[in-house]
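Take a look at the structure below.
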Amino acid sequence: MIPKIRFDHVRKEFAVQASRGPARRFVALENVTLDVSSGEFLTLVGPSGCGKSTLVDLVGGLAKPDGGRILLDGRPVDGPARDRGIVFQQYALFPWRTATRNIEFALEVAGVGRKERRERARYHLDLVGLSAFADRYPHELSGGMKQRVAIARSLAYDPQVLLMDEPFAALDAQTRESLQSELLRIWRSTRKTIVFITHGIDEAIVLGQRVAVMTARPGRIKHVFDIPDVLHSETDDVRSLPAFGLTRHDIWSLLREEVLKAQQGQAATSDTETPPQLTRSFAESAHV
Amino acid sequence: MSSLQLTQEHARTSRSWESRRPNWDTLTAALKWPAIFVHRSALLLALLAMWEIAPRLELADPAFLPPLSEVLAAGWDLALNGQLYEHVGASLFRVVSGFTIAVAFIVPLGLAIGWYSRLGDTLNQLIEVLRNTAPLALLPVFILLLGIGELSKVTMVIYSCAWPLLLNTIGAVRQVDPLLIKSARTMGVSSVQLFVKVILPASLPMIFVGVRLASAAAMLVLVASEMVGAKAGLGYLIIYAQYSFLIPQMYFGIFAITTLGLVFNQALVSLERRFTRWRPASAST
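Residue numbers (the numbering used here), protein chains in the order written: chain A, 39 to 326; chain B, 638 to 922.
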């Protein structure tokens, strides 16, 4: 069977302009090989600056790999299209549009008629539990509500793949947990293929059927964990199960090596040539 | 009568008794707006009062600073004999036509320059040189080339409006949040759609900053150019009144310019509100 998404020896480089001297190139991703099957929920964890977001950009068609291929249903990704939806950490809602009109955006772009747009927007607002906030502007919504609108917006044009780039990282713990369970509910009812990037191990385990751990820069897939089904029970408090603790420990041990490596790497290159996204604080790295 | 009815009755009477008390509330509410008005306008009112009182007490020479009432009386005369209408009309025509033409041509140009960075690179040095040439320094040039008629004045207004409009529009396009552009691209927008549905609305607030700066520049240049060579207009009224030692008329001319500026600005503010209603209240002042 053809996988939904195939990363085939993907390599990505960036040119970094140092304040003095010539531009240098550094390798963000190297030899990333991974298959995501249709309808799967895959989470991706890795130390800060390992190129997780770059992977999302590549699948989203916003960037091109410098080596290897990314196949979507067996065909190479060629630019952005509405068969993939991206949810960003910073919501990226259009502040001049109400919640409804934000959700309608992609439908408008696609030329969907006004009536059907309204209907689909209403349906998806309902899906994320925000029917009462249809006419609110983003600045009138809380962070959690904004992210719900963003998720509804990505679902409204019915993409087959949902790419989520640390979507809950900016939310408080309680909101994050409720959004996690809602996302699982939506995933179960829609059966989208979801690639979810996070730097929280707990989040990765709770959401993912599989958890892919990435190495420090240059990012590679270090190991892919299968998460036992018992941890995806809809009723239990899965975080308190022994299996959760065991799985968490395995991932944590693997990830810690990489976080330490990433920090050493940062210390070695802590001069001007390190781009901003690689110099995130220790606190964030330690969040794993 | 059951006890339930009794309690209901009691509730009703006590409520009707209470309803007499909010008289205080309505009174304080009625006084609230005048109170706010006094609080906000106190300084201005004090200044106007000083203007009236100081010349009368001979604290200022009434020949050079006539009391406010005399200024207003002079204005009333100007209004009665039709001169005021003529001057205001002339000024209004120049400032509105110049400003409108500037907005109509410069904002699209700014959008294009902001969007096509290569166009920006080409025009950048020219813009830097021209915008640092003070418009008033060019006034003699415009008069030489375009005469002392309406053309030179309207051109001056256009020229002085152009720079705040152009720079703010270019800046507005360039500062559009890249994440919004990225997000729109993932939803498959064409470049035309991206421009119309994302760049334009995202740029609007900052374009309006340019529009309001331009209106202030327009007023400044209008008065100056009317003072140098004109046969009508408020700037002409001010300078002509001063030459003829019609001091109250001169002050009234200044008064009229201020009023015109305030009305113009207020019109722009309400237009801006209409277009950027989506912004949080604190950000749209």
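C-beta atoms are modelled at their ideal positions from N, C-alpha and C, and glycine is treated no differently.
Since we're looking at a predicted model, the values are computed, not measured.
Within 10 angstroms of its Cβ, does residue i collect 16 or more other Cβ (buried), or is it exposed?
{"i": "B:R914", "result": "exposed"}
{"i": "B:L721", "result": "buried"}
{"i": "B:L705", "result": "buried"}
{"i": "B:P777", "result": "exposed"}
{"i": "B:L668", "result": "exposed"}
{"i": "A:S18", "result": "Not covered by the structure: residue 18 of chain A. The range shown for chain A is 39 to 326."}
{"i": "A:A130", "result": "buried"}
{"i": "B:A851", "result": "buried"}
{"i": "A:A53", "result": "exposed"}
{"i": "A:K102", "result": "exposed"}
{"i": "A:W225", "result": "buried"}
{"i": "A:R62", "result": "exposed"}
{"i": "B:K937", "result": "Residue coverage of chain B in this structure runs from 638 to 922, which leaves residue 937 of chain B outside it and unanswerable."}
Taking the straight line between their C-alpha atoms, what separation do you get for residue i and residue j?
{"i": "A:P60", "j": "A:E51", "result": "16 Å"}
{"i": "B:E765", "j": "B:T806", "result": "15 Å"}
{"i": "B:E689", "j": "B:D698", "result": "12 Å"}
{"i": "A:Q198", "j": "B:F674", "result": "59 Å"}
{"i": "A:S323", "j": "A:A250", "result": "Because A:S323 sits at a pLDDT of 42, beneath the cut-off of 50, its placement in the model cannot be relied upon, and the point is left open."}
{"i": "B:L756", "j": "B:I750", "result": "6 Å"}
{"i": "A:A211", "j": "A:G238", "result": "11 Å"}
{"i": "A:V97", "j": "B:T823", "result": "10 Å"}
{"i": "A:T213", "j": "A:T136", "result": "22 Å"}
{"i": "B:L897", "j": "A:S180", "result": "43 Å"}
{"i": "B:P838", "j": "A:D164", "result": "27 Å"}
{"i": "B:F742", "j": "A:F45", "result": "49 Å"}
{"i": "A:L220", "j": "A:V276", "result": "Rather than Leu, the amino acid found at residue 220 of chain A in this sequence is Glu. Near 15 Å, if we compare the C-alpha coordinates of A:V276 and A:E220."}
{"i": "B:A666", "j": "B:H676", "result": "15 Å"}
{"i": "A:Q266", "j": "A:L80", "result": "The residue you asked about is not Gln; residue 266 of chain A is Pro in the sequence shown. Straight-line Cα distance between these residues: approximately 13 Å."}
{"i": "A:G87", "j": "A:H261", "result": "18 Å"}
{"i": "A:F282", "j": "B:G825", "result": "39 Å"}
{"i": "B:L696", "j": "B:A686", "result": "13 Å"}
{"i": "A:G270", "j": "A:P85", "result": "For clarity, residue 270 of chain A is His in the given sequence; the question names Gly instead. Looking at the two C-alpha atoms, the distance is approximately 25 Å."}
Taking the CB atoms as reference points, tell me whether residue i and residue j lie closer together than 7 Å.
{"i": "B:L817", "j": "B:V835", "result": "yes"}
{"i": "B:Q886", "j": "B:A700", "result": "no"}
{"i": "A:R158", "j": "A:A194", "result": "yes"}
{"i": "A:I259", "j": "A:L72", "result": "yes"}
{"i": "A:I189", "j": "A:V125", "result": "yes"}
{"i": "A:Q127", "j": "A:D203", "result": "yes"}
{"i": "A:L109", "j": "A:G89", "result": "no"}
{"i": "A:I243", "j": "A:L82", "result": "no"}
{"i": "B:A855", "j": "B:F779", "result": "no"}
{"i": "B:G866", "j": "B:P801", "result": "no"}
{"i": "B:P772", "j": "B:V858", "result": "yes"}
{"i": "A:V48", "j": "A:G106", "result": "yes"}
{"i": "A:L100", "j": "A:P114", "result": "no"}
{"i": "B:K790", "j": "B:S862", "result": "yes"}
{"i": "B:L931", "j": "B:A904", "result": "Limits of chain B in this structure are 638 at one end and 922 at the other, which puts residue 931 of chain B out of reach."}
{"i": "A:V166", "j": "A:R186", "result": "yes"}
{"i": "A:L279", "j": "A:K230", "result": "no"}
{"i": "A:I141", "j": "A:R191", "result": "yes"}
{"i": "B:P703", "j": "B:I884", "result": "yes"}
{"i": "B:L874", "j": "B:H724", "result": "yes"}
Can you list the residues of chain B that residue i reaches, using a CB-CB cut of under 8 Å?
{"i": "A:Y161", "result": "Chain B residues near A:Y161: none, gap ~18 Å exceeds 8 Å."}
{"i": "A:F143", "result": "A821, M824 and K834"}
Could you list which residues in chain B have their beta carbon closer than 9 Å to that of residue i, in chain order?
{"i": "A:H177", "result": "W915, R916, P917 and A920"}
{"i": "A:G123", "result": "T823 and M824"}
Given that residue i touches chain A, what residues does it touch there, using C-beta distances under 7 Å?
{"i": "B:L816", "result": "F126, Q128 and A130"}
{"i": "B:P838", "result": "W134"}
Which residues in chain A have a C-beta closer than 8 Å to the C-beta of residue i? List them in chain order.
{"i": "B:R911", "result": "Here the premise fails: no neighbours, minimum Cβ distance about 13 Å."}
{"i": "B:Q830", "result": "V147"}
Which residues of chain B have a Cβ atom closer than 7 Å to the Cβ of residue i, listed in chain order?
{"i": "A:P133", "result": "W915"}
Next item on the list: Taking only beta carbons into account, state which residues of the segment 95-121 of chain A come closer than 7 Å to chain B, listed in chain order.
Entry: G98, L100, P118, A119 and R120
Check: Between the segment 657-690 of chain B and chain A, which residues of the former have a C-beta closer than 7 Å to a C-beta of the latter?
Finding: none
Check: Which of the residues in the segment 63-96 of chain A, read from start to end, lie with their CB under 7 Å from any CB of chain B?
Finding: none
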